[in-house]
Every structure is written in structure tokens, then in C-alpha cells.
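Residue 0 is where the sequence shown starts when you use numbering that gives the first Met the number 0, and the numbers rise one by one after that. Glycine included, each C-beta is placed from N, C-alpha and C at the ideal position. Since this is a predicted model, take the numbers as computed values, not measurements. See structure below.
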Amino acid sequence: MYPEEYPLTQPIDVHTASAARMYDFLLAGVNNYAVDRAACQELLAIAPSAQRIARTNRDFLQRVVRVLVEDYGIDQFLDHGSGLPTQENVHQIAQRINPQCKVAYIDDDPMVLAHGRTQLHENHNTMVLHADMRSTQHIVEKTEGFIDFRRPVAALFISVLHCLPDSDDDSDPAALIQRVAKELKGGGLMVVCQLVSEDPAVRQGVTDLMRQATKNHWGRVRTPEEVRGYFSGMTTLDPGLVDVVDWRPDIEPPPPHLRPTDWVEWGGVAQL
């Protein structure tokens with residue numbers, strides 16, 4: 000871990016569900032509590048494909064990092080809302096290809112920070128920053144010197160923007176993406192995906208459940224068109240904005256009749 004920024008120790012609320020720990024449970028992880036597992040069971044009742052979607056999203060993360068390092072020469076990553084460490088994290092994928100790749104993990108979940116401190120302390124090309132992903136200026140200031148913003152940087156927002164509520168100020172997800180884009184000079188890349196649904200009942204049901212379970216640490220399941228708006232003014236890389244299972248797949252993606260019909264992870268990669 001980069002020595003300048005060690006994560007802070009904070010109490011972990013084991014009585015309120017955490018989106019990061021719920022995601023960990025859906026990926027068959029062990030860093031979760033009974034409250035997270037109970038919330039996941041309620042979630043699966045509304046959106047039965049939630050576990051499959053979590054795995055599809057994780058596959059996308061691993062695939063997109065590999066493509067950015069191998070095909071675009073990216074060696075610096077800002078992983079916003081990075082979540083709990085699991086197998087094949089960003090630094091593991093990137094540094095396997097290029098050991099000099101630098102990865103800054105950004106999260107404000109105390110359990111994420113504790114695990115990051117434990118698992119990454121001997122890797123000097125990674126750092127874990129305790130910060131709200133919306134605090135762009137703070138993130139830039141704290142990672143400067145570790146990340147060289149004069150060179151290409153990939154900003155990752157993988158399955159996290161649905162955790163942010165809409166607002167009329169610069170904390171709105173769309174405004175956040177545009178703000179971060181302005182900081183990524185010299186051929187930076189923006190990677191965004193979030194949960195979307197064309198079914199109003201699914202959108203509202205999941206949103207209500209998650210807001211209640213996490214005590215309002217949640218935003219909203221959105222529509223594909225709303226996510227498309229995040230990329231305003233950017234040039235998306237092939238194949239554009241899609242269900243992430245279709246983003247440069249390693250194997251043949253499932254046919255339409257075998258795909259979830261309740262919701263999907265939707266997004267892509269844009270060149271700035």
C-alpha cells in the first residue's frame with residue numbers, strides 16, 4: 000500500500016445492511032453479516048437474477064481492466080466505490096499484465112477500509128483512500144503524487160452509481176461523472192455501469208428495499224437512457240453502451256431468452 004494514505008479505523012454497523020457487504024454475499028463471499036444476508040433474500044424475491052447480475056458485473060470489471068491495460072496502455076486506475084476485496088481485484092488483473100500499474104481504491108465503508116489495509120499493505124503500487132466517491136477535489140489532492148494526472152487515467156464507477164441519490168447539485172451522479180472527466184487529461188478513460196431496469200415495478204421495489212435496508216445509503220435503479228446521459232460529450236468505445244455481458248465478451252454471451260428480464264448492469268467505456 001502506498002504509505003501516504005492509510006485507511007482509518009471506524010466502527011462497523013452490523014445492524015444495518017451495507018451495499019458492499021450485500022454484493023460480497025451475492026458473490027459467495029464471507030465478509031457479510033446476517034443483516035446483509037437477510038436483505039439479499041428480500042432483494043432476490045423482487046429481482047431473482049440479482050446473484051447472476053453480481054457475477055456478470057464482476058466478470059465485466061475483470062475484462063475491462065485487462066482490455067484497458069493490454070489494448071490501451073492504461074497503467075493508472077481510480078476505482079470509485081471499490082467495495083470489499085474479492086478474487087481478481089483491479090490491481091491483481093492490471094499488475095499481472097504490467098507490474099507498474101497503480102490502483103487507488105476509494106471507499107468510505109469501514110469494512111472495505113479495514114480489509115484494504117490488511118490485504119494491500121505490502122503492495123506499493125496500490126493505495127486505499129478513505130473518501131466519499133463524490134469528493135472529487137479531495138480525491139485528486141490525496142492521490143496526486145501517486146497518480147500522475149498529466150498522463151492517462153482510467154476512472155472506474157463499477158456498479159456504484161445506483162448507490163447515489165439524485166440531487167440538484169454537484170453530488171448528482173451525472174454531475175459527478177462530468178466533474179471527474181474534467182480531471183482526466185491526456186486520453187483518460189471513463190468506465191461506468193449501473194443497475195437499470197425497464198420495469199417500473201422492479202425499479203421502485205428494489206429502490207424502496209435498498210433505501211430501507213441501508214438506512215438511505217442508496218440511490219435509485221435507473222433506466223438505460225438515464226445512464227446514457229452520464230456520457231454526454233464523451234466518445235464511447237466499441238461496442239458502445241450495452242448490457243455489460245455484451246461488452247467485448249471472452250465467450251459467447253447468452254441468447255436473449257436466457258437473460259434476466261428484471262434488470263441488468265448497463266454501461267460501457269468512454270474516451271475523454
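Limits of the unbroken beta strand (DSSP E) element including residue i
| i | result |
| --- | --- |
| H79 | Q75 to H79 |
| H129 | T125 to H129 |
| L155 | A153 to I157 |
Three-state class that DSSP yields for residue i in the structure shown
| i | result |
| --- | --- |
| I250 | coil |
| I11 | coil |
| G266 | strand |
| P261 | Here residue 261 is Asp; the residue named in the question, Pro, does not match the sequence. Reduced to three states, the DSSP call for D261 is coil. |
| T234 | strand |
| R221 | strand |
| S17 | coil |
| D147 | coil |
| D35 | helix |
| A46 | coil |
| R65 | helix |
Those residues which DSSP pairs with residue i across a bridge
| i | result |
| --- | --- |
| F59 | Answer is none; F59 lacks a bridge partner. |
| K141 | Partner(s): none; K141 has no beta bridge. |
| I105 | H79 and L128 |
| V241 | G266 |
Cβ-based neighbour list, residue i, same chain, cut-off 8 Å, excluding 5 preceding and 5 following
| i | result |
| --- | --- |
| M110 | I11, S17, A19, R20, N30 and L83 |
| H161 | Q193, L194, W217, G218, R219, V220 and R221 |
| F59 | I157, C192, V243, V244, W246 and E264 |
Same chain only: Cβ atoms within 7 Å of residue i, ignoring 5 sequence neighbours per side
| i | result |
| --- | --- |
| M132 | H79, G80, I105 and V159 |
| D261 | A46, P47, S48, S196, D198 and V201 |
| G266 | V191, C192, Q193, V226, L240 and V243 |
| N97 | V68 and D74 |
6 Å CB neighbourhood of residue i in its chain, flanking five on each side removed
| i | result |
| --- | --- |
| E202 | For clarity, residue 202 is Arg in the given sequence; the question names Glu instead. Cβ within range, chain order: S196 and V220. |
| E3 | With a pLDDT of 45 at E3, under the threshold of 50, the predicted position of this residue should be treated as unreliable, though the coordinate-derived value follows. Excluding sequence neighbours, E3 sits near nothing in its chain. |
| L244 | It should be noted that the sequence gives Val, not Leu, for residue 244. Taken in chain order, the residues that qualify are T55 and P252. |
Extent of the continuous alpha helix (DSSP H) run through residue i
| i | result |
| --- | --- |
| Q94 | V89 to I96 |
Ignoring anything shorter than 4 residues or poking outside the segment 159–215, list the alpha helix (DSSP H) runs there in chain order. 172–182 and 199–212
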